[in-house]
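A short write-up of the structure that comes next.
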Amino acid sequence: MRTRASAKHHPHDDAPDTAGSFRELAALPEGRQRDALRAEIVEAWLPMAERLAGRFRNRGESSEDLRQVAALGLVKAVDRYDPELGNAFESYAVPTITGEIKRHFRDHMWTLHVPRRVQDLRNRVRFASQDLSTVTGRRPTVAEIAERAQLSEEDVRAGLEALESFTALSLDAELPGSEDGYSLSDALGSADPALDTVIDREAVKLRLRALPERERAILYMRFFDDRTQSSIAEELGISQMHVSRLISRCCERLRDQVMRDAV
């Protein structure tokens, strides 16, 4: 006599006692009787699948879709479970269902948060493009997609861009066509260290103009012409020590004035 899938429950974990049902399912040939027992087992374990789906709520996917994905994972677990191995069905089903949900997020969810409007444009453009390609046998134009999807051409372009932006590309991924390991990170720029110099120069520009002519000339020769202190001293007819003291004194004065201005 067939064991009903929902007839008993374990007293500790409230899991359906379907061990006998699984053994009977394995022995039944394909047919209506086997399909009916399979459906009973799935129904008995469906609350567990829905609890697992609930762990992934508030992650950008509707609860109904998550429950459907979990139910699909449960069906796969029922079909693949082998009671002869001696393991409890729950220990096999939980990772199977969880893996199915995670694959759903990986394959069907956006890597980055995208506005709902852009997601809708992407879907409408994708469906219209597929329909037109089937009919015409070629890639449809923006105008054709706009007419089919009842969108403006600007919205179609936004949807087409979203089609290419569903997943993120690792910065370490090798670029297509590259044979020397050239990656996207190699093509990215970096902050120009000279930018700080530009900011500093702009900050002291007005103060430099207020310096005495000789001190201004010394700073210009040292920091703009990259002259040595000894060559500056020789040109001005003073000692190198004197040039060094003048440079230090001017820089300290300019620094104090710029810091006061910043405050």
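For what it's worth, the working numbering labels the leading residue of the sequence shown as 291, then goes sequentially. For every residue, glycine included, the Cβ atom is placed at its ideal position computed from N, Cα and C.
The continuous alpha helix (DSSP H) containing Gly-344 extends over residues 322-344.
Proximity of the stretch 360-374 to the stretch 383-397 meets the contact definition, three or more beta-carbon pairs being nearer than 8 Å. Contact check for Gly-376 against Arg-412 fails: the beta carbons are separated by 8 Å or more. A residue is called buried once 16 or more other Cβ atoms fall within 10 Å of its Cβ, and Ile-489, having fewer, is exposed. Contact annotation: Ser-442 and Pro-430 have beta-carbon atoms that are not nearer than 8 Å. Secondary structure within the stretch 350-376: the alpha helix (DSSP H) runs of 4 or more consecutive residues, fully enclosed, are 353-370 (chain order). The residues Arg-324 and Leu-327, in chain order, have a CB closer than 7 Å to that of Leu-318 in the same chain once the five nearest residues on each side in sequence are set aside. A straight line joining the alpha-carbon of Glu-492 with that of Tyr-510 spans about 14 Å. Between Arg-497 and Gln-547, the gap from beta carbon to beta carbon is short of 8 Å. Taken atom to atom, the span from the alpha-carbon of Arg-345 to that of Glu-351 is near 12 Å. In the DSSP assignment, Asp-410 falls within the alpha helix (DSSP H) that extends over 406-426. Residue range 519-526 is occupied by the alpha helix (DSSP H) that includes Gln-519.
Ser-311: member of the alpha helix (DSSP H) spanning 309-317, first to last residue. Rounded to whole angstroms, the gap between the alpha carbons of Val-359 and Arg-406 is 21 Å.
When C-alpha distances from Asp-421 are compared across Glu-437, Asp-410, Val-408 and Gln-409, the shortest belongs to Glu-437.
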